[in-house]
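J.: Residue numbers -27 to -1, 1 to 201, in mature numbering (1 follows the signal peptide of the UniProt record, and there is no 0), belong to the letters of the sequence shown in order.
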Amino acid sequence: MALARSHSWSILTLLALSFLLINTGSCFKRKLFYNVLNESQSTWSPAGATWYGSANGAGSNASVNPACSEQLVTVVITDECPGCASESVHFDLSGTAFGAMALPGQAHQLRNAGVLEIQYQSYPDKKITFQVDTGSNPYYFAALIKYVDGDGVLGSVELKQAGDSDSWLPLQQSWGAVWKLDAGFALQAPFSIRLTGLDFGNTIVANNVIPDGWKPGETYTSDVTFAT
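1) Where does Q104 fall in DSSP's three states?
2) For T107, tell me which candidate among A80, V151, W141 has the shortest Cα-Cα distance.
3) Evaluate the contact criterion for the region 77 to 86 versus the region 47 to 56: three or more CB pairs, one atom per stretch, below 8 Å.
4) Determine the burial state of K133: buried for a count of at least 16 other Cβ atoms within 10 Å of its Cβ, exposed for fewer.
5) Under 8 Å by Cβ, that's how I've got D172 and V126 pegged, so tell me the actual separation to the nearest angstrom.
6) In this structure, how does DSSP classify I69 when only helix, strand and coil are distinguished?
7) For G190, count neighbouring Cβ atoms within 10 angstroms of its own Cβ and tell me buried if that reaches 16, exposed if not.
8) Could you spell out the range, first to last residue, of the beta strand (DSSP E) harbouring A115?
9) By the three-class DSSP mapping on this structure, what secondary structure does L76 have?
10) From S67 to D185, what distance separates their C-alpha atoms?
11) Report the three-state DSSP secondary structure of Q146 (helix, strand or coil).
12) Taking the Cβ atom as the reference point for each residue, do residue 202 and A200 lie within a distance shorter than 8 Å?
13) Kindly indicate which residue of S165, F158, G87 has the alpha-carbon position closest to the one of S138.
14) Please check the pair T198 and I101, which I expect to be a contact at CB under 8 Å, by giving their CB distance rounded to whole angstroms.
15) What's the gap between the Cα of L154 and the Cα of N85?
Structure representation (structure tokens):
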């Protein structure tokens, strides 16, 4: 996947990210941080992170947090809250994500550390996937679209039925990263999905990504990304 940008996003799609905690009240000393990356520092961007609980936690100090395991964690963005935090990029992580960065038995101590400084980048080499909503049926199709690279934001999603080479049916954004089509007639699979990025207008097509005989609740992986 293309690297995530360091400014605030309008998060309309799911984007997997990897995190490193650094510096004040954090998990990584600078020396450890550089050793773990072993690559150009330009691939990581700064941000703040809290968990779903109190943003104040138990405060912080200038030392490495002893509860940290010094391990990366991968998370998926599902929603946004414009203006909720002072940082240009801030992630409100789940307790599970914080626990994954802590030493065994010390997740509670890490969650109480308050706002943590982190480094993040988008998770590389993930093909765009479509998780079909459990309420989908031949007349109504909805899917959760994951691992969108490039803009990281979709401007439009369209569906083409089997045997129809010209007509693209527009989907509506339902909520978060879920897009839906209430067709009112029986849709004929397999479906091709066309995605257009919001910022730059780049378009890609996942041909026949939803197969004949598709099932609600199943996840189907395409062979495309915006980088290809």
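Glycine residues also receive a C-beta, built at the ideal position from the N, C-alpha and C atoms. This structure is a prediction, so every number in the text was calculated from the model and none was measured.
T.: Once the coordinates are examined:
1) In this structure, Q104 counts as strand in the three-state DSSP scheme.
2) Nearest C-alpha to T107: V151.
3) Three or more beta-carbon pairs separated by less than 8 Å are not found between the region 77 to 86 and the region 47 to 56, which leaves the two stretches without contact.
4) Counting the other Cβ atoms within 10 Å of the Cβ of K133 gives 16 or more, which makes it buried.
5) A Cβ-Cβ distance of about 6 Å is found for the pair D172 and V126, placing them in contact under the 8 Å criterion.
6) Note that residue 69 is Thr in the sequence shown, not Ile. T69 falls in the helix class under three-state DSSP.
7) So G190 counts as exposed.
8) Its beta strand (DSSP E) spans residues 113 to 119.
9) L76 sits in coil when the DSSP states are folded into three classes, being neither helix nor strand.
10) The straight-line gap separating the alpha-carbon atoms of S67 and D185 is approximately 36 Å.
11) Strand.
12) Here the chain has residues from -27 to 201 only, and residue 202 is not among them.
13) Residue S165 is the option with its Cα nearest to S138.
14) The Cβ separation is near 6 Å, so the contact holds.
15) In a straight line, the C-alpha of L154 is about 43 Å away from that of N85.
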